[in-house]
Each structure stands twice: as C-alpha cells, then as structure tokens.
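**Q** Numbering (the numbering used here), first residue to last: 1 to 134.
Idealized CB from N, CA, C, for every residue including glycine.
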C-alpha cells in the first residue's frame with residue numbers, strides 16, 4: 001500500500017482536484033485551499049458563497065466549471081507548485097472565477113514556520129559548535 005508521504009506534492013494536488021470534481025462542477029467561483037505539513041496535504045476544500053440574494057430573492061445557481069475549465073484549473077494549480085521554495089509547512093489558496101467562459105486563477109502560497117522547532121535546531125547547532133571549539 002502506498003503512503004501519502006510517498007507521493008509527490010504534485011500527485012497529491014492532482015488527487016485533491018479529482019476529489020473536488022463534483023463540487024467544482026457546481027461552482028463558478030470560490031477558493032480551493034490545501035494545507036501542507038511536511039510536504040503532505042492534510043486538510044483541503046473549497047471556500048465559496050453558493051447563494052447570492054438581491055431584493056429578497058435568491059438568484060438561481062449558475063453553471064459550474066466544465067471539464068475543460070477544471071482541467072485548465074488543475075494545470076494552473078500544478079504549475080504554481082514550481083514557485084514553492086524550500087518550505088514544507090503552509091497553505092496554498094487558489095482563488096478562481098469564470099469570466100466570459102474563461103477560468104481565471106490566482107494562487108497564494110503561504111509558508112508557515114514554527115519558532116520552537118527553529119530554537120531546537122539552533123540550540124543543537126550552538127552545542128555542536130561549542131563542542132568543536134573545545
């Protein structure tokens with residue numbers, strides 16, 4: 001059995017989009033997010049406002065993403081991973097909207113660091129430096 005840690009981040013992201021296909025087929029805008037820890041996607045999902053009201057009426061739902069638009073979206077999301085540098089913990093958000101039949105995507109890459117982990121690393125480094133000076 002393959003473990004999630006054995007899959008590349010790109011393959012994990014591909015699986016996320018496969019899992020979200022049905023939901024995306026009912027949406028024409030929103031934000032897909034993936035939370036990453038140790039280069040493994042944990043929590044993921046979509047933030048969106050599915051209903052819009054005006055003058056006391058709820059507007060009918062518009063068509064969601066087509067298969068072609070979903071394929072384009074997934075390709076842009078995978079391409080954005082090339083801009084991820086060095087960090088292993090964080091979140092990537094993909095804001096998307098369909099305008100005149102074209103899907104537009106903005107990616108936001110957020111790195112997260114933990115000061116406690118950094119202090120452990122620097123403490124060990126200082127101890128080994130002190131030992132080498134002796």
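Quick one: complete beta strand (DSSP E) runs, 3+ long, within the region 92-127?
**A** Those beta strand (DSSP E) runs which fall completely within the region 92-127 and span 3+ residues are 102-111.
**Q** Per DSSP, what are the beta-bridge partners of residue 75 in this structure?
**A** Residue 75 is not bridged to any residue.
**Q** Quick check on DSSP: helix, strand or coil for residue 54?
**A** Residue 54 falls in the strand class under three-state DSSP.
**Q** Whole angstroms are fine: how far does the CA of residue 63 sit from the CA of residue 79?
**A** So the two alpha carbons sit approximately 26 Å from each other.
**Q** Measuring alpha carbon to alpha carbon, tell me which of 75, 123, 14 and 65 ends up nearest residue 44.
**A** Comparing Cα positions, the closest option is 14.
**Q** Among 9, 77 and 11, whose alpha-carbon lies nearest the alpha-carbon of residue 31?
**A** When only C-alpha atoms are compared, the closest one is 77.
**Q** Using a threshold of 8 Å, state whether the C-beta atoms of residue 23 and residue 46 are closer than that.
**A** A contact, by the Cβ cut-off of 8 Å.
**Q** I'd like the span of the alpha helix (DSSP H) that includes residue 11, first residue to last.
**A** 9-24 is the span of the alpha helix (DSSP H), which, as asked, contains residue 11.
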